[in-house]
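Visitor:
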Amino acid sequence: MAVQAHRQDAVGSVHDSVRDREISVEQEHLDRVYRRLEEKIHEAEFLMQDAARRGQVGTPGALAERDAQVFRAGIHLSRLNNEFEDFLFGRIDLLTGKDGKKGPDGAYTAIEPAEGAVRPDSTADIAETLHIGRIGVLDQDYAPLVIDWRAPAAAPFYRSTPVDPGRVVRRRVIRSKGRQVLGVEDDLMRPELTAYLDGDELPVIGDGALMAALGQARSHTMRDIVASIQAEQDLVIRAPAASVTYVEGGPGTGKTAVALHRAAYLLYQDRRRYAGGILIVSPTPLLVAYTEGVLPSLGEEGQVAIRAIGSLVDGSEATLYDSPAVARAKGSSRMLKVLRKAARGALEMNDPPARLRVVAFGRRLELEARDLDGIRHAALGGTAPVNLLRPRARKLLLDALWERSGAAGRHSDPELAAELRSSFDEDITSEDAFIAFLDAWWPELTPGAVLDAMADERRLGRWARRILNPGEVRKVARSLRREGRTVHDIALLDELQAVLGAPARPRRKRELDPLDQLTGLEELMPVREESQRERAERLAQERVEYAHVIVDEAQDLTPMQWRMVGRRGRHATWTVVGDPAQSSWSDPDEAAQARDEALGTRPRRRFELTVNYRNPAEIAELASKVLALAMPGSVSPKAVRSTGVEPRFTVVEDTLGATVRDEAARLLERVDGTVGVVVAMQRREEARRWLAGLGDRVVALGSLEAKGLEYDATVVVSPAEIADESPAGLRVLYVALTRATQQLTVVSAGRDEPDTAGVPDLLRD
Ligand SMILES: Nc1ncnc2c1ncn2[C@@H]1O[C@H](COP(=O)(O)OP(=O)(O)OP(=O)(O)O)[C@@H](O)[C@H]1O
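Just so we're aligned, residue 699 is where the sequence shown starts under this note's numbering, counting upward by one.
(1) Which partner residues does residue 1524 have in the DSSP bridge list?
(2) If you count every other CB in all the chains shown that lies within 10 Å of the CB of residue 988, and 16 or more means buried, which is it?
(3) Would you call the region 974-983 and the region 931-947 touching, i.e. three or more CB-CB distances under 8 Å?
(4) Going along the chain, which residues of its own chain have a beta-carbon closer than 7 Å to the beta-carbon of residue 931, five neighbours each way excluded?
(5) Is the separation between the beta-carbon of residue 933 and that of residue 867 shorter than 8 Å?
(6) Please tell me whether residue 872 and residue 828 are closer than 8 Å, where the distance is taken between their beta carbons.
(7) Pick helix, strand or coil for residue 1457, following the three-state DSSP scheme.
(8) If you follow the alpha helix (DSSP H) that residue 1195 is part of, which residue opens it and which one closes it?
(9) So for residue 1059, helix, strand or coil by DSSP?
(10) Under three-state DSSP, which class holds residue 1246?
(11) I think residue 1004 touches residue 882, with their Cβ atoms under 8 Å apart; what is that distance to the nearest whole Å?
(12) Going by DSSP in three states, residue 1204 sits in which element: helix, strand or coil?
(13) Compute every distance between the C-beta of residue 1408 and the non-hydrogen atoms of ligand 1, then say whether any falls below 7 Å.
(14) Could you give the DSSP three-state label for residue 1444: helix, strand or coil?
(15) Among 1072, 1053, 1073, 1071, which residue has its Cα nearest to the Cα of residue 1064?
(16) Taking DSSP's pairing of strands, which residues face residue 823 in a bridge?
(17) Give a single yes or no on whether residue 1436 has its beta carbon closer than 7 Å to a heavy atom of ligand 3.
(18) Tell me the rounded alpha-carbon separation between residue 1145 and residue 1198.
(19) Below 7 Å CB to CB, which residues in the same chain sit around residue 1182 once its five sequence neighbours on both sides are set aside?
(20) Any heavy atom of ligand 1 within a distance shorter than 7 Å of the CB on residue 952?
(21) Specify, as a first and last residue, the run of the alpha helix (DSSP H) that residue 1388 falls within.
(22) For residue 1126, list the residues DSSP reports as bridge partners.
(23) From residue 1167 to residue 1352, what does the alpha carbon distance come to, in whole angstroms?
(24) Below 7 Å, is the gap between the Cβ of residue 976 and the nearest heavy atom of ligand 1?
(25) Just mark residue 1205 as buried or exposed, buried being the case when its beta carbon has 16 or more other beta carbons within 10 Å.
(26) Here's the rule: buried if 16 or more other CB atoms are within 10 angstroms of the residue's CB, otherwise exposed. What is residue 797?
(27) Once DSSP output is grouped into helix, strand and coil, what is the label at residue 1399?
(28) Run the CB neighbour count on residue 1114, radius 10 Å, all protein chains shown included, and call it buried at 16 or more, exposed below.
(29) Confirm, please, whether the CB-CB distance from residue 804 to residue 841 is below 8 Å.
(30) For residue 1441, count the other beta carbons within 10 Å of its own beta carbon; 16 or more makes it buried, fewer makes it exposed. Which is it?
(31) Once you ignore the five residues that flank residue 1312 on each side, which residues in its own chain have a CB closer than 6 Å to its CB?
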């Protein structure tokens, strides 16, 4: 288990003066680091000025050199400025290592202590002290002042536990703001040891950095967890990027946090390889907005695109939700066949001409409907995408006309015959009538046009015969007639793009990371002119495939969505994180099959996260009742905190809206941060009106929108209504019940069948 015991009980209450002394020790170190950073900033500024001076020389070589220098200095400055805030957060005190080897960051590499490091009387000397931060800083002599949290030397900060301490004796979390150290908190990894640092006994301070972090009020954006990553999480973050890293864990186990930190780690560890980009697929735009700040806080953004599953196709943005029945049909792999038929059928949707009439070699030639049908049929027999079959169809038309012309037998000499044929083809294909015919008879189709064509129920009925039932056809067609696209439509559009073979976009130059691959001015210019964010957006738009794909909330991807995501990582390595117990997809087996197809035969390394850092035990226990119904036999993650506040149960008295509003207002008074009100999807709009005027600390969410988010307190409205809304309703309810970090109120209506204490049927033992 990751949460370590503290020696505070053993040593009694630590005297304030010891705490103050330790804070001032860290303050001294932080001051040194800042002095060094300032030196580096001056160096960078000097470089920029110097480079500007050189620019006046004006030779092409000098200009290129100037740009390179300005560029490097600019990056340096921007990194330093960005990471100035709160970038030193940890320290480890270590025993002498097994060998005396040092790594590139100047720290000793041995994981285990040297034989004699601990003396027979259980005393030892601290041989090395490392400070951990968001970036690495070396002093003038190349000794490490701060180790980058992603460097191998920093791993013991996260991995070491009292059970398996390695060389670590004391692990310290440093809290600082700007240039000031505010506090320190220690975990002792070898409580049995008396360790000495510079001749004095090693002091141990504090009552748990992790608990302090977990208890903090939540805002509308996620924070990084770089100072308190736990050992089982660190194993995932630093897992080698070969093939597929597959992570399962219950609500609040840090899957999203781990996925984001892993992206930062991979970039640090092999920037060149990931110049091909990292894609993070998130379930909703709300979760994208919630997590967007984490990577910049870790100093990474440029090469990572975080995109909602409904925004993966450029030019189309999902703005609507489908009803569960429609979602089930659209997400299912049955749609694959429907789309293939639609793509072919759509060629004929605009009443194509029934005959072709052209003049060649002064003769009128004609193909009748029956001929044309035969030709279309033969052309569609090819396996290529429909748009790319057009040249084949054109060729078959010309063949038929050639045959009809009777010119084929005119020359026995093959060369002359070929010449005749080519002038025949040229004659026809330059004719306006033929060009117009081809455009109408084999139009170039776009994914959007085909999807729109499926909105016609009769047409869709034809294309989906024996694949969707008539009820599904009616509902899907109706949903496609609405203004705007749903999240499931986006995967259909992407599939259609593959089926149709939409015209390939012009190839652009592969984006190189300028830090590693400084080759010429063309790579420098855009970087200096764009903000990091603009650059990330541009890269995301230009890229179709990525070097690494991270899928968050993977349990929710439908088979069609897996196909869409799979296309973006055909040659990628993958990190897939999810929790089957939270799946809102009705048929998890079908989705698992599609996932396996997307990931191919790549070997998988499985990891499990077992500790719930979000919910207090009181809330986790209530949620586990729904888990038992939704997925009998599954094990809830272990909650690390307890608040002593039991969930509250209320029954609607007057109107649902008034009760919910009162409960939300009550919670707003009790917590400092955010309040989330989770309702069934059909009540989303209504719920927003209920909360009008309560301020921006409170938000109303449909149950599917709550995915991945968290609030200080939540109101879950009518568990039965949420559970009844879809075949996966109980799992969706489990998600809703696990969003709060401090307090939970459950509001029940009649259909919840509350008992006298207000506890709804679904949440009773
Ligand atoms: N090591 C940690 N230190 C501090 N906070 C942590 C740590 N691990 C997770 N957390 C916090 O726990 C909360 C839950 O994390 P996260 O949202 O990543 O979990 P999740 O597994 O993705 O949850 P869900 O499946 O419910 O979406 C977040 O507030 C996160 O910051």
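Where a beta carbon is used, it is the ideal one built from N, C-alpha and C, also for glycine.
Given the structure is predicted, the values throughout are model-derived calculations rather than measurements.
Guide: To lay it out plainly:
(1) In the structure as shown, the chain starts at 699 and stops at 1463, and residue 1524 therefore has no counterpart that could be examined.
(2) By 1-based counting over the sequence shown, the position of residue 988 is 290. With 16 or more other Cβ atoms within 10 Å, it is buried.
(3) no
(4) Taking the sequence shown and counting its residues from 1, one reaches residue 931 at position 233. Here the set comprises 952, 956, 1307.
(5) Walking along the sequence shown from the start, residue 933 turns up at place 235. Walking along the sequence shown from the start, residue 867 turns up at place 169. No; because the gap between Cβ atoms is not below 8 Å, this pair is not in contact.
(6) What you label residue 872 is simply residue 174 of the sequence shown in a count that begins at 1. What you label residue 828 is simply residue 130 of the sequence shown in a count that begins at 1. No; because the gap between Cβ atoms is not below 8 Å, this pair is not in contact.
(7) What you label residue 1457 is simply residue 759 of the sequence shown in a count that begins at 1. It is coil, neither helix nor strand.
(8) Numbered from its first residue, the sequence shown carries residue 1195 at position 497. 1185-1198 is the span of the alpha helix (DSSP H), which, as asked, contains residue 1195.
(9) As a first step, residue 1059 must be located in the sequence shown, where it is residue number 361. Of the three classes helix, strand and coil, the one that applies to residue 1059 here is coil, per DSSP.
(10) Mapped onto the sequence shown, residue 1246 falls at position 548. Strand at residue 1246.
(11) To locate residue 1004, count along the sequence shown from 1; it is residue 306. To locate residue 882, count along the sequence shown from 1; it is residue 184. Actually they are not in contact, since the Cβ atoms of residue 1004 and residue 882 sit about 33 Å apart, beyond 8 Å.
(12) The count along the sequence shown starts at 1 and reaches residue 1204 at position 506. The predicted position of residue 1204 is uncertain, since its pLDDT is 38 and thus under 50; a value taken from the coordinates is nonetheless stated next. Of the three classes helix, strand and coil, the one that applies to residue 1204 here is coil, per DSSP.
(13) On the sequence shown, position 710 is the one that residue 1408 refers to. Yes, Cβ of residue 1408 sits closer than 7 Å to a heavy atom of ligand 1.
(14) Walking along the sequence shown from the start, residue 1444 turns up at place 746. Residue state, collapsed to three classes: strand.
(15) Here residue 1064 refers to the residue found at position 366 of the sequence shown. Checked all of 1072, 1053, 1073, 1071; the closest Cα to residue 1064 is 1053.
(16) Along the sequence shown, read from residue 1 onward, the residue named residue 823 stands at position 125. Paired residues: 894.
(17) Ligand 3 is absent from the structure shown, which contains only ligand 1.
(18) The residue you call residue 1145 lines up with position 447 of the sequence shown. The residue you call residue 1198 lines up with position 500 of the sequence shown. Straight-line Cα distance between these residues: approximately 7 Å.
(19) The residue labelled residue 1182 in the question sits at position 484 within the sequence shown. Excluding residues within five positions, the ones whose Cβ falls inside 7 Å are 1017, 1018.
(20) Start at 1 with the first residue of the sequence shown, and residue 952 comes out as number 254. Yes, Cβ of residue 952 sits closer than 7 Å to a heavy atom of ligand 1.
(21) Against the sequence shown, residue 1388 aligns to sequence position 690. Start and end: 1382-1388.
(22) Mapped onto the sequence shown, residue 1126 falls at position 428. DSSP output for residue 1126 lists no bridge partner at all.
(23) The sequence position of residue 1167 within the sequence shown is 469, counting from 1. The sequence position of residue 1352 within the sequence shown is 654, counting from 1. Cα-Cα distance, rounded: 42 Å.
(24) Mapped onto the sequence shown, residue 976 falls at position 278. No, Cβ of residue 976 sits at least 7 Å from all heavy atoms of ligand 1.
(25) Taking the sequence shown and counting its residues from 1, the one referred to as residue 1205 is at position 507. Per-residue confidence for residue 1205 stands at a pLDDT of 39, beneath the threshold of 50, marking its modelled position as unreliable; the derived number appears in the next sentence. It is exposed - the Cβ of residue 1205 has fewer than 16 other Cβ atoms within 10 Å.
(26) Locating residue 797 in the sequence shown gives position 99, counting from the first residue. Exposed, because fewer than 16 other Cβ atoms sit within 10 Å of the Cβ of residue 797.
(27) Reading the sequence shown from its first residue, position 701 is the one you call residue 1399. Residue state, collapsed to three classes: strand.
(28) Translated into positions along the sequence shown, residue 1114 becomes position 416. When all chains shown are included, residue 1114 counts as exposed.
(29) Position 143 of the sequence shown, counting from 1, holds the residue named residue 841. Position 106 of the sequence shown, counting from 1, holds the residue named residue 804. Yes, Cβ-Cβ distance for residue 841 and residue 804 is below 8 Å.
(30) As a first step, residue 1441 is located in the sequence shown; it is residue number 743 there, counting from the start. With 16 or more other Cβ atoms within 10 Å, it is buried.
(31) Looking up residue 1312 in the sequence shown gives position 614. Contacts found: 950, 1408, 1439.
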